[in-house]
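Chains as they are written, first to last, in this note's numbering: chain V, 1 to 837; chain U, 838 to 915. Note that the Cβ used here is the ideal one computed from N, Cα and C, for glycine as well. Nothing here was measured: the structure is a model prediction, and the numbers come from that model. Below is one structure, written out as structure tokens; the observations come after it.
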Amino acid sequence: MSEKFKEILVAVAGQPNSGKSTIFNLLTGARQHVANYPGVTVEKKIGSFRLNGDKVVVVDLPGTYSLTSYTQEERIARDFLLLERPEVVVDVVDASNLERNLYLTFQLIEMGLPLVLDLNMVDVAGRRGFEINVKELSLQLAIPVVSTIGNRGKGKNELRQTIHSTYRNKQKFTSIRLDYGENLELILMSLEKELSQDPRLTEHYSSRWLAVRLLEGDSEVQRLVRQQSQKAEYILNKVKQQRKHFIAKHKKAPEKIIAQQRYRAAGKIVEKCVKRTNAISKTLTDRIDKIVCDRFLGPIILAAIIYGMYQLAIVQGYKLTEYTWPLLAGFRNFVALFLPSEGFICDPILRAMPLGVIDGVIAVLNYVPIFVILFALIAILEDTGYMARMAFILDRVFRCFGLHGHSVLPLILGGVCVGGCAIPGVMACRGIKDEKARMATILIVPLMNCMAKIPLYVLLIGMFFAKQKALMMFFISTITIIIALAAAKILNLTVLRKKESAPFILEMPAYHLPTFGGVMRRCVERVWLFVKKIITVVIVVAAIVYALISYPGLNKDRTVYYESQANQAIQIFYKKIGDDNLYTKLVAESQLMKFTTYWEDYKKAKIGVKTKQAKETIGQKFFNKNPDFFKIVKRGKYELEGKKIVDKDAAKVEKAYKKLSKTRKKLRREKREETIASSYLGRAGHFLEPVTKFAGFNWRVNIALLSSFAAKESSVATLGSIYQSSSEEKEARLEERIKQTEQGWTPLHALGLILFMAMYPPCIPTLFMIKLEAASLKWMLFAAVYPIILGFVMAVLVFSGGNLLGFSGLQAMVVFYIIAIAVTTVMAFIKRRTELT
Amino acid sequence: MKVSIAPLAVISCGKKVKIVSIVGGRGVREHLLDVGLNVGVELEVLGQGGSGPFLIAVKETRLAIGQGVARKIMVSQE
Numbered sequence: 001m002s003e004k005f006k007e008i009l010v011a012v013a014g015q016p017n018s019g020k021s022t023i024f025n026l027l028t029g030a031r032q033h034v035a036n037y038p039g040v041t042v043e044k045k046i047g048s049f050r051l052n053g054d055k056v057v058v059v060d061l062p063g064t065y066s067l068t069s070y071t072q073e074e075r076i077a078r079d080f081l082l083l084e085r086p087e088v089v090v091d092v093v094d095a096s097n098l099e100r101n102l103y104l105t106f107q108l109i110e111m112g113l114p115l116v117l118d119l120n121m122v123d124v125a126g127r128r129g130f131e132i133n134v135k136e137l138s139l140q141l142a143i144p145v146v147s148t149i150g151n152r153g154k155g156k157n158e159l160r161q162t163i164h165s166t167y168r169n170k171q172k173f174t175s176i177r178l179d180y181g182e183n184l185e186l187i188l189m190s191l192e193k194e195l196s197q198d199p200r201l202t203e204h205y206s207s208r209w210l211a212v213r214l215l216e217g218d219s220e221v222q223r224l225v226r227q228q229s230q231k232a233e234y235i236l237n238k239v240k241q242q243r244k245h246f247i248a249k250h251k252k253a254p255e256k257i258i259a260q261q262r263y264r265a266a267g268k269i270v271e272k273c274v275k276r277t278n279a280i281s282k283t284l285t286d287r288i289d290k291i292v293c294d295r296f297l298g299p300i301i302l303a304a305i306i307y308g309m310y311q312l313a314i315v316q317g318y319k320l321t322e323y324t325w326p327l328l329a330g331f332r333n334f335v336a337l338f339l340p341s342e343g344f345i346c347d348p349i350l351r352a353m354p355l356g357v358i359d360g361v362i363a364v365l366n367y368v369p370i371f372v373i374l375f376a377l378i379a380i381l382e383d384t385g386y387m388a389r390m391a392f393i394l395d396r397v398f399r400c401f402g403l404h405g406h407s408v409l410p411l412i413l414g415g416v417c418v419g420g421c422a423i424p425g426v427m428a429c430r431g432i433k434d435e436k437a438r439m440a441t442i443l444i445v446p447l448m449n450c451m452a453k454i455p456l457y458v459l460l461i462g463m464f465f466a467k468q469k470a471l472m473m474f475f476i477s478t479i480t481i482i483i484a485l486a487a488a489k490i491l492n493l494t495v496l497r498k499k500e501s502a503p504f505i506l507e508m509p510a511y512h513l514p515t516f517g518g519v520m521r522r523c524v525e526r527v528w529l530f531v532k533k534i535i536t537v538v539i540v541v542a543a544i545v546y547a548l549i550s551y552p553g554l555n556k557d558r559t560v561y562y563e564s565q566a567n568q569a570i571q572i573f574y575k576k577i578g579d580d581n582l583y584t585k586l587v588a589e590s591q592l593m594k595f596t597t598y599w600e601d602y603k604k605a606k607i608g609v610k611t612k613q614a615k616e617t618i619g620q621k622f623f624n625k626n627p628d629f630f631k632i633v634k635r636g637k638y639e640l641e642g643k644k645i646v647d648k649d650a651a652k653v654e655k656a657y658k659k660l661s662k663t664r665k666k667l668r669r670e671k672r673e674e675t676i677a678s679s680y681l682g683r684a685g686h687f688l689e690p691v692t693k694f695a696g697f698n699w700r701v702n703i704a705l706l707s708s709f710a711a712k713e714s715s716v717a718t719l720g721s722i723y724q725s726s727s728e729e730k731e732a733r734l735e736e737r738i739k740q741t742e743q744g745w746t747p748l749h750a751l752g753l754i755l756f757m758a759m760y761p762p763c764i765p766t767l768f769m770i771k772l773e774a775a776s777l778k779w780m781l782f783a784a785v786y787p788i789i790l791g792f793v794m795a796v797l798v799f800s801g802g803n804l805l806g807f808s809g810l811q812a813m814v815v816f817y818i819i820a821i822a823v824t825t826v827m828a829f830i831k832r833r834t835e836l837t
Numbered sequence: 838m839k840v841s842i843a844p845l846a847v848i849s850c851g852k853k854v855k856i857v858s859i860v861g862g863r864g865v866r867e868h869l870l871d872v873g874l875n876v877g878v879e880l881e882v883l884g885q886g887g888s889g890p891f892l893i894a895v896k897e898t899r900l901a902i903g904q905g906v907a908r909k910i911m912v913s914q915e
């Protein structure tokens, strides 16, 4: 060993559902996404641990069944192994599925990488009656084998040590060479010889692997050879000849024989190493699936589970926000203490701007409890394995709309059951092999209920449908998928009608009991991601929105008008208390503003204080701060040296000031409204009002919608700052503030807004992702424009139509729902092309 | 004993069958191979799809398989 500590690169490979991510977490202790759902690991995850002084850097590869270049994930995994040349590769294998998993192991061996086999979930295998001889397996494969139970943390140290020792002995690393039979081996041998003469090829790739893949006719490897080798044409020609020759002679393609040999070899090894003690014909998973995947019961259970999720997350979570709101309001007031104090009518910008931004952010943070519950529930569904069943059940439906069973994962991530994010959703579309279905899915994922849309739903439902909260939430989340399906079909029939369907093959993992730690970790991880997004994106958006709703500001005449109004009110105040009042001097001139702050602080401090003792403490505090002001705010009734005193002068001041305070608030509110109305965003909102009024959106709502284009979280945030509390006295909840301002709002207004929001164009980050995944600017623009039209038409239908027919909010929803289902059903039957065989 | 060959798509629930051939292109074949569906492999139909996907058991693996694929897998039953 060298004196210096090394950095060792280790890759974790494995088939889907082998518990690969769990092993990755086990090794690194990193907070990572773990799921029971096939193909969830798309991006590269890196973690590290220290062992014997060396730093071991672990990379989690996407789960793949093999290392051909059939899918994006396979390509990612293969390219990493070939180009980054990790020093050790850990192959995670599901012990119950050893035979199938060995298929990948053989390919890894062929690539010539130092390999450690991790026999995972041996406990489950044991329960199913498999007895695996680890020593024999290691002998047969000629590589080290470690058995682990990933979710219970068993085998961690042994695995780490084995990785390290494999690294140290990597020069001596040898493994078995799979024998493909005499006929093939002869060809392979000559090919290998040819390939090994080109140093540019052998530098990166094992010549055995290249030879086998070429003979199998892998077009990706052909491309690779063409790129790297000068003799490419010669080699490829030779391979072509050999293949032709072979097929003519043996009446079978080489790749078929190669595959058969691999399976035969795997079968032989399993025969030698695995003993089946008690064969269970029907596992518990099978018995559960009998019910859960039933053609009739399945969808009912699915609907019930989704409904239950809403009940728990939205209804119960909403109750929790009643407790968290005071904390957030407290934070705002705490920050306010450090900012310059407010003016009588005009606040200094250093106060107004930060508070505007904070108002925006806490309006969204208020919903964190809902997200915590929601993410925990989604994590449970993923970890148990139910997500794959959802794909299974829904494939039947999806087929009719030109989608794919695999479309479920993107849609779920995008928020089919409320609370996803379109960005990972669009990214997950990579897993769909069917190009047509993939594009359709990319385009409809943003129509799902991403978590940024939920705050607005929750807000409006809380205001207008308080009694039918869960039902409305159920309506909204199902209507989005119903509309999205129809949209997918239309897209399929129009802009995307070229490619044929790819096979639907989906592994159904065995059911697992989720671990508390695993669920919590993922829940916290996702909540944190969300909060981070708010802290970064929303702050910026809120700041920009603040500027847009505050500038260019009122003109001079109006400013002067408000000032004179304020002065008038102040003069009346002084007149009322009179010159002979003992307190007149104390509240004169600049003292008046001081008193105003004192008054507001006192009112604020008293909010929510109930016990007598607490009241006395506050009284004492304010008495110490300013005894004279204290006498006023106490309406002249206070105790002095044990005697109860009634101070008429103080009472008079209090009464007069109360009026002044009211006027002040009114003026502030009016000025604020006028400022917004004449601001840049206000002008745009007004400009659009003649059109949007058919959907029930007034200019205030227009402003919120315009600003949420940057990130939908801002819709509530913007509403938060538009309906900023005109009084500083009490930080009222946004619901109350909106209700104060929009007296004329009906549930139909809310419904139109909700439906528009449901369809609203993807936020800017999502649009970037669409451009990346669809590889075209044209599709990105299309994805931005079509939802606006769709959403607007629906909002107009519901609002104007509902008003015309005199519907209540719930009636309109039900009617709209039925129409949507009818349209979608018709869509399902249009030109249902029979699948090609 | 009579041995008949038919596409998997027509096999009813609960039947145990053996794959005799896979009709179709390289893509389908490779994908089926990846999940362990190879010629000679025995499988059991756990759920007949009707219009939707099939649920099958191959050794310890449970797979959902679309109609299109089920038509490409030729199986023999005793």
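Secondary structure within the segment 781 to 813 of chain V: not one fully enclosed beta strand (DSSP E) run of 3 or more consecutive residues is present. When the Cα atoms are used, V/Thr-597 and V/Phe-629 turn out to be separated by approximately 11 Å. V/Ala-259 reaches chain U at Leu-870 and Asn-875, counting residues in chain order whose Cβ is nearer than 7 Å.
Residue contact check for V/Asp-383 against chain U: no CB pair falls below 8 Å.
The beta-carbon distance between V/Val-701 and V/Leu-753, rounded to whole angstroms, is 6 Å. This is short enough to meet the 8 Å contact definition. Ranked by Cα distance from V/Ala-329, the first of V/Val-653, V/Ala-775, V/Lys-604 and V/Leu-777 is V/Lys-604. DSSP places V/Ser-18 in no beta strand (DSSP E); its state is neither H nor E. Close CB contacts of U/Val-882 within its chain, under the 6 Å cut and outside five residues either way in sequence, are with Ile-848, Cys-850, Lys-852 and Ile-893 (chain order).
Within the segment 497 to 523 of chain V, the residues whose Cβ lies closer than 9 Å to some Cβ of chain U are Ser-501, Ala-502, Pro-503, Phe-504, Ile-505, Leu-506, Glu-507, Met-508, Pro-509 and Ala-510, listed in chain order. Scanning the segment 870 to 894 of chain U for uninterrupted beta strand (DSSP E) segments of 3 residues or longer gives 879 to 884, listed from N- to C-terminal end. Between V/Asp-123 and V/Ser-18, the alpha-carbon positions lie close to 13 Å from each other. DSSP links U/Met-911 through a beta bridge to U/Pro-844 and U/Ser-858. Within the same chain, Leu-411, Gly-414, Gly-415, Val-416, Gly-420, Ala-422, Gly-425, Thr-480, Ile-481 and Ala-484 come within 8 Å of V/Met-448 by CB-CB distance, once the 5 residues on both sides are set aside.
Setting aside the 5 residues that flank it on each side, V/Arg-332 is surrounded in the same chain by Leu-355, Ile-358, Asp-359, Ile-362 and Glu-731, each with a C-beta closer than 8 Å to its C-beta; the list follows chain order. In the DSSP assignment, V/Gly-47 is bridged to V/Val-58.
Contact between V/Ala-313 and V/Ile-373 holds, since their C-beta atoms are separated by about 4 Å, short of 8 Å. V/Phe-246 is bridged by DSSP to nothing; it lacks a bridge partner.
Counting only runs of 4 or more residues that sit fully inside the segment 300 to 361 of chain V, the alpha helix (DSSP H) segments are 317 to 338, in chain order. Between V/Met-757 and V/Lys-453, the CB-CB gap stays under 8 Å.
At a cut-off of 8 Å between C-beta atoms, V/Asn-97 counts as an interface residue with respect to chain U. By the criterion of a C-beta distance shorter than 8 Å, V/Asn-52 is surrounded in its chain by His-164, once the five residues flanking it on both sides are discounted. Counted as a single uninterrupted DSSP element, the alpha helix (DSSP H) harbouring V/Lys-621 occupies residues 612 to 625. Chain V places a beta carbon closer than 8 Å to that of U/Ser-888, counting this residue as a contact.
For U/Ala-901, the C-beta contacts it makes with chain V under 9 Å involve Cys-293, Ala-388, Arg-389, Ala-391, Phe-392, Asp-395, Gly-405, Phe-504, Ile-505, Leu-506, Glu-507 and Met-508, in order along the chain. At a cut-off of 8 Å between beta-carbon atoms, V/Asp-434 makes no contact with chain U.
The shortest C-alpha to C-alpha distance from V/Glu-507 to any of V/Arg-100, V/Phe-5, V/Leu-9 and V/Glu-74 is the one to V/Arg-100.
In its chain, beyond the 5 residues on either side, Glu-110, Leu-188 and Ile-258 have a beta carbon closer than 7 Å to the beta carbon of V/Val-212. For V/Glu-674, the uninterrupted alpha helix (DSSP H) segment begins and ends at 648 to 677.
Relative to the Cα of V/Val-691, the nearest Cα in the group V/Phe-792, V/Lys-594, V/Met-520 and V/Glu-674 belongs to V/Phe-792. Taking one beta carbon from each stretch, the segment 503 to 522 of chain V and the segment 378 to 389 of chain V have 3 or more pairs nearer than 8 Å; the two touch. Taking a contact to require three or more Cβ pairs closer than 8 Å, the segment 341 to 356 of chain V and the segment 254 to 271 of chain V do not qualify as touching. The Cβ atoms of V/Tyr-602 and V/Val-633 sit closer than 8 Å to each other. Excluding sequence positions up to five before and after U/Ile-842, its CB lies within less than 8 Å of the CB of Val-857, Met-911, Val-912 and Ser-913, all in the same chain and listed in chain order. The beta carbon of V/Glu-203 sits closer than 7 Å to no other beta carbon from its chain once the five residues preceding and following it are set aside.
Residue nearest to V/Ala-488 within the set V/Gly-809, V/Tyr-457 and V/Met-827 is V/Met-827 (criterion: CA-CA distance). Contact with chain V is absent for U/Glu-879, since none of that chain's Cβ atoms lies less than 8 Å from the residue's Cβ.
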